[in-house]
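In what follows, a single structure is set out as structure tokens and then discussed.
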Amino acid sequence: MPHPSTFSIVAYDPRLQAWGVAVASKFPAVGAVVPWVRAGYGAVATQSYANTSFGPHGLELMGSGLSATDTLERLLADDEGRAQRQVGLVDASGEPATYTGEACHAWAGGMTGQNYCVQGNILAGQAVVEAMAAGFEGAPGDLPARLLAALLAGDRAGGDRRGRQSAAIYVARVAGGYGGLNDRWIDYRVDDNPDPVPRLQELFELHELYFGESEPAARLPIEGEVRQHLGEILAAHGYLPPEQADRQEAFTTALNEFIGNENFEERADASAGWIDEPVYAFLLKKFAA
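Taken in order, the sequence shown gives residues 327 to 615; the numbers are from the working numbering.
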């Protein structure tokens, strides 16, 4: 049976009330197997001859009030293949637990820290999980950025000693999903790539560009040079006839259509007269002559 020979981090952010997993492996589509997360319940990474029932069952147990440690004991007690399993959990309050069975392929092991655990098997060595822990603890930013920093640190410390193939990140927070209608805040996968972790970071940067939010004070008013450059882009790409560039109603209609086609509705409002600076810079780079 194929087995995800994997390194992962499972963590909790008490400020954001967010839980997440980041994982990489020399195994295709590792994101379809290892990470399991639910806001308010916790997070699970199940790997090494992965028992995928550990994901939903572990979340159910932690959601009922069990700690990560007690949940881990319950999961392993009923599993005849426990000697080959590896699993990391963080519960609803951030308590971590990690387990590596004695039959996991070397190097295999894990460690815990405040609100997180890291673990891996068939690794280049213990330095991989140590680099992940240091990367997570030392990284700035919110939980997704810190998870990715940890994953990159482990990858560059040697990662899976067989090579690289896939990576994934899954982070949940209450109402963190698109439109605030679910808890799936960050959910990106690189299923088959010769260097998947940097590509996963690129996808996260796109997420931040499209779905991030600037402080109101940092938004650019659509006037003066900003309006001029946007008008030039609209004219050059057929949204606004040049003779109508000075008509505010026509300009607003054209810009709203353009912003919608580029999927930046969350980061600009032509009718209200503002655009987030990172989006403006991106549009200039992409579309300006």
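We put the beta carbon where it would ideally sit given N, CA and C, even for glycine. Model, not experiment: these values are computed from the prediction.
Status (buried if at least 16 other CB within 10 Å, exposed otherwise) for residue 574: exposed
task: Would you list the one or two residues that DSSP bridges to residue 426?
output: 412
field: Nonlocal neighbours in the same chain, by C-beta distance under 6 Å from residue 434, ignoring five residues either side
entry: 426 and 447
Runs of beta strand (DSSP E) wholly within the region 584-615 (minimum 3 residues, chain order): 600-602
message: Quick test of your reading: residue 500 and residue 373, contact by CB under 8 Å. State the CB separation rounded to the nearest angstrom.
response: Contact doesn't hold; Cβ gap of about 27 Å is too wide.
query: Taking the runs of the beta strand (DSSP E) that are 3 residues or longer, which of them lie wholly in the region 518-564?
result: 545-547
- prompt: Can you name the residues that DSSP bridges to residue 568?
  reply: Partner(s): none; residue 568 has no beta bridge.
query: Given 8 Å as the limit, is there contact between the region 483-501 and the region 346-361, that is, 3 or more CB pairs closer than that?
result: yes
- prompt: Considering residue 493, what are the terminal residues of the beta strand (DSSP E) in which it resides?
  reply: Per DSSP, the unbroken beta strand (DSSP E) holding residue 493 starts and ends at 492-499.
message: On the DSSP bridge list, what partners appear for residue 449?
response: 486
field: Through-space distance from residue 584 to residue 562, alpha-carbon basis
entry: Approximately 12 Å, taken between the alpha carbons.
field: One or two residues paired with residue 373 in a DSSP bridge
entry: 412
task: Between the Cα of residue 507 and those of 445, 469 and 498, spot the shortest distance and give me the residue it belongs to.
output: Among 445, 469 and 498, the Cα nearest to that of residue 507 belongs to 498.
Of the listed residues 519, 393, 481 and 466, nearest to residue 453 (C-alpha basis): Of the candidates 519, 393, 481 and 466, the one whose C-alpha sits nearest the C-alpha of residue 453 is 481.
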